[in-house]
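Student: Structure in structure tokens, see below.
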Amino acid sequence: MRAPWPEDPPPGPFRPSSWKSPLRGPWLTAFLGSILLALVTIVAVTGFLSHAAYNPSLGMNAIVPAEDDLGFLLFDWPTSPSWLYALNQGLHVTVGFVAVPLLLAKLWSVIPRLFKWPPVVSPAEGIERAAIALLVGSALFLFATGVANAQIYYPFRFNFVLAHYYAAIVFVAALALHVAVKTPVILRAYRERGVLKPLRDDLAHTESEPHDPHGGLAPEAPDAPTISRRGLVGAVGAAGALLAVFVGGQSVGGPFRSLALFAPRRQSFPVNKTARSAGVTEEMTGDGWRLAVGDRSFTRDELLAMPQHTESLPIACVEGWSTTQSWTGVRLRDLAGGSSGTCFVESLQPRGSLREATLSADQVANERSLLALKVNGEDLSMDHGYPARIIVPALPGVHNTKWVKSLRFS
Ligand code: HEM
């Protein structure tokens, strides 16, 4: 059967001779890929852990439909250490940003393959290239939507969490296949050139890898180098290190917070959703406010008359920032009145996805889990959830419901 394309490559990037960088070759791609693998493994693991941290099997917590959920990755998210979710999300967002320059460099190193001619010569190659298209597509999608989300920029008209979750599954499967298929190339490159040896060469000693006439990334007719491989790897590493500071400061806190120039919320105690944007008014939170607990109800003064406890606990947002504050209020387990089950929490917030959450039995039973009435010794401000909010160790920020209207223990 005749191939559907002419034998001679069209002019331009389809001609192998038009790719001239002496740095491209299997070693560079294998090396950039190996570092990228370490970073994307952290990002993928923390991503799926964050999904588990929402306790999607409880109440209304699920965002992904139950039949599509990778249930084997779910488990009861622990309440200790209290900084667990802050660490998880700090890593997910910061390492995700750090991996961006590396991903771009990796894609640059393999770009001649996008213009390979003939595009496909066998059904096996067709399958491999389709898997590569899924890998590149899902990687670009995940990084673009993740970065946009962490910048609180939502240009997309689809549900971010759902799309990010499904793309992550495609990405992990395609990446596992890719690494398995490329393992022989990686091992050969390291065997022939050493794992780190090419980084020792300065510009004067930088040479092209041997060209493989059956394809391969090393160019047929390389230009003279203008940067060494270690210069390239160093530039990518420096970009990653800068991003680590510009983004990671929001998770580390303290003096580093002011360095987090790429973090959209740099205040020491950020607010994601103000009372106004949530539609919560002073009328709703004023003297007429009552907390419904099952069929009982409490005024704020009655709650303040109950035993008060103060806990220093972090609150950590899925977008990466976290901050530790001193919260005072009533223990959830004291309000549970002997019930040892879950707790369905509802907010006064009239709209939005964050108006309800279900806490697990362990989260309710933990002695540090509070219905907070004060923070740092002062009444909560409206934007921090006055008259009362949930604060539970290691719970994702969005489930620390603000402006609580009712608690239902089961
Ligand atoms: C975000 C993840 C990744 C993307 C988007 C990506 C993309 C690509 C693409 C488009 C190619 C060219 C495929 C072809 O047509 O042959 C390629 C080749 C390759 N990749 Fe990746 N890759 C990723 C991760 C990795 C990782 C983690 C490793 C190593 C552990 C790796 C090692 C390689 C190697 C060795 C090649 C072949 C180079 C050659 O043929 O000389 N890649 N990659």
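The sequence shown begins at 764 in the working numbering and counts up one residue at a time.
Even for Gly, the Cβ is constructed at its ideal location relative to N, Cα and C.
1) Mind listing, in chain order, the continuous alpha helix (DSSP H) runs of no fewer than 4 residues lying wholly within the segment 1094-1125?
2) In three-state terms, what does DSSP make of residue 1134?
3) Give a single yes or no on whether residue 910 has its beta carbon closer than 7 Å to a heavy atom of the ligand HEM.
4) With a threshold of 8 Å, are at least 3 pairs of Cβ atoms found where one atom belongs to the segment 837-851 and the other to the segment 1064-1073?
5) Would you say the beta carbon of residue 945 comes nearer than 7 Å to a heavy atom of the ligand HEM?
6) Output yes or no for whether 8 Å exceeds the beta carbon distance between residue 925 and residue 805.
7) For the alpha helix (DSSP H) containing residue 1028, list its first residue and its last residue.
8) What do you reckon, are the CB atoms on residue 863 and residue 1006 nearer than 8 Å?
9) Ignoring anything shorter than 4 residues, give me the alpha helix (DSSP H) runs that lie fully in the segment 978-1038, in order along the chain.
10) Is the beta carbon of residue 1088 less than 8 Å from the beta carbon of residue 1042?
11) When you compare each of 1107, 1171, 1150, 1091 to residue 1140 by their alpha carbons, which one comes out closest?
12) Quick check: the Cα distance between residue 914 and residue 973, rounded to an integer number of angstroms?
13) Sorry if obvious, but does the Cβ on residue 793 come closer than 7 Å to a heavy atom of the ligand GDP?
14) Could you round the C-beta distance between residue 1036 and residue 1110 to whole angstroms and report it? I think they count as a contact, below 8 Å.
15) Could you give the first and the last residue of the continuous beta strand (DSSP E) run that contains residue 1055?
16) Distance, Cα to Cα, residue 988 vs residue 783?
17) Between the beta-carbon of residue 992 and the beta-carbon of residue 969, is there less than 8 Å?
18) Can you grab the Cα-Cα spacing for the pair residue 1019 / residue 1135, in whole Å?
19) Less than 8 Å between the beta carbons of residue 1081 and residue 1159, yes or no?
20) How about residue 847 and residue 815: do their beta carbons lie closer than 8 Å?
21) Name the one or two DSSP bridge partners that residue 1074 has.
22) Curious, which full-length alpha helix (DSSP H) runs of at least 4 residues does the segment 820-879 contain?
23) With distance defined between alpha-carbon atoms, name the residue in 932, 775, 911, 792 nearest to residue 865.
24) For the ligand HEM, any of its heavy atoms closer than 7 Å to the Cβ of residue 784?
25) Report all residues from its chain with a CB closer than 7 Å to the CB of residue 1115; omit the five preceding and five following residues, and keep chain order.
26) Thinking C-alpha only, which one of 785, 767, 774 is nearest residue 982?
27) Which two residues bound the contiguous beta strand (DSSP E) that contains residue 1060?
28) Give the range of the beta strand (DSSP E) segment to which residue 1153 is assigned.
29) Comparing alpha-carbon positions, which option in 1148, 855, 1056, 860 lies nearest residue 1003?
30) Use the C-beta contact count for residue 768: other C-beta atoms within 10 angstroms, 16 or more gives buried, fewer gives exposed.
31) Under the DSSP definition of a beta bridge, which residues are partnered with residue 1172?
32) Does the ligand HEM have a heavy atom nearer than 7 Å to the CB of residue 949?
33) Any heavy atom of the ligand HEM closer than 7 Å to the beta-carbon of residue 902?
34) Near residue 795, what residues of its chain come up, given a Cβ to Cβ distance below 7 Å and the 5 sequence neighbours on each side ignored?
35) Quick one: grab the DSSP three-state call for residue 1079.
36) For a quick check, are the C-beta atoms of residue 1196 and residue 900 less than 8 Å apart?
Tutor: This is what the structure holds:
1) Look at the segment 1094-1125 and you find these whole runs of alpha helix (DSSP H), each 4 residues long or longer: 1095-1098.
2) Strand, per DSSP.
3) No; taking the cut-off as 7 Å, the Cβ of residue 910 has no heavy atom of the ligand HEM nearer than that.
4) No, because fewer than three Cβ pairs between the segment 837-851 and the segment 1064-1073 fall closer than 8 Å, the two stretches do not touch.
5) Residue 945 has its Cβ nearer than 7 Å to a heavy atom of the ligand HEM.
6) Judged by beta-carbon spacing, residue 805 lies beyond the 8 Å limit of residue 925, meaning their Cβ atoms are not closer than that value.
7) Counting along the chain, residue 1028 falls outside any alpha helix (DSSP H), and DSSP gives it neither H nor E.
8) The beta carbons of residue 863 and residue 1006 sit closer together than 8 Å.
9) The segment 978-1038 contains these whole alpha helix (DSSP H) runs: 992-1015.
10) Not in contact: residue 1088 and residue 1042 (Cβ atoms no closer than 8 Å).
11) Considering only 1107, 1171, 1150, 1091, the residue with the shortest C-alpha distance to residue 1140 is 1091.
12) When rounded, the distance between both Cα atoms is 43 Å.
13) You won't find the ligand GDP in this model; what it holds is the ligand HEM.
14) In this structure residue 1036 does not touch residue 1110 by the C-beta definition: roughly 10 Å separates them, more than the 8 Å allowed.
15) Following the DSSP letters along the chain, one finds residue 1055 inside the beta strand (DSSP E) bounded by residues 1054-1056.
16) Taking the straight line from one Cα to the other gives about 9 Å.
17) At the C-beta level, residue 992 and residue 969 come within 8 Å of one another.
18) Going by C-alpha positions, residue 1019 is about 28 Å away from residue 1135.
19) Note that the C-beta distance between residue 1081 and residue 1159 is below 8 Å.
20) Residue 815 is positioned such that its CB atom lies no closer than 8 Å to that of residue 847.
21) According to DSSP, residue 1074 bridges with 1090.
22) For the segment 820-879, whole alpha helix (DSSP H) runs of length 4 or above, ordered along the chain, are 847-873.
23) Among 932, 775, 911, 792, the Cα nearest to that of residue 865 belongs to 792.
24) Not under cutoff, so the answer is no.
25) Contacts found: 1041.
26) Closest option to residue 982, Cα to Cα, is 785.
27) Counting along the chain, the beta strand (DSSP E) containing residue 1060 begins and ends at 1059-1061.
28) That run of the beta strand (DSSP E) goes 1152-1154.
29) Checking every option, the nearest Cα to that of residue 1003 belongs to 860.
30) It counts as exposed.
31) Note: residue 1172 sits in a beta bridge opposite 1106.
32) In this structure, the ligand HEM has a non-hydrogen atom nearer than 7 Å to the beta-carbon of residue 949.
33) It does: the Cβ of residue 902 is within 7 Å (strictly closer) of some heavy atom of the ligand HEM.
34) So the qualifying residues of the chain are 865, 868, 869, 872.
35) Shown here, residue 1079 sits in a strand according to DSSP, grouped into three states.
36) The shown model of the chain, from 764 to 1173, leaves out residue 1196, and the question about it has no answer.
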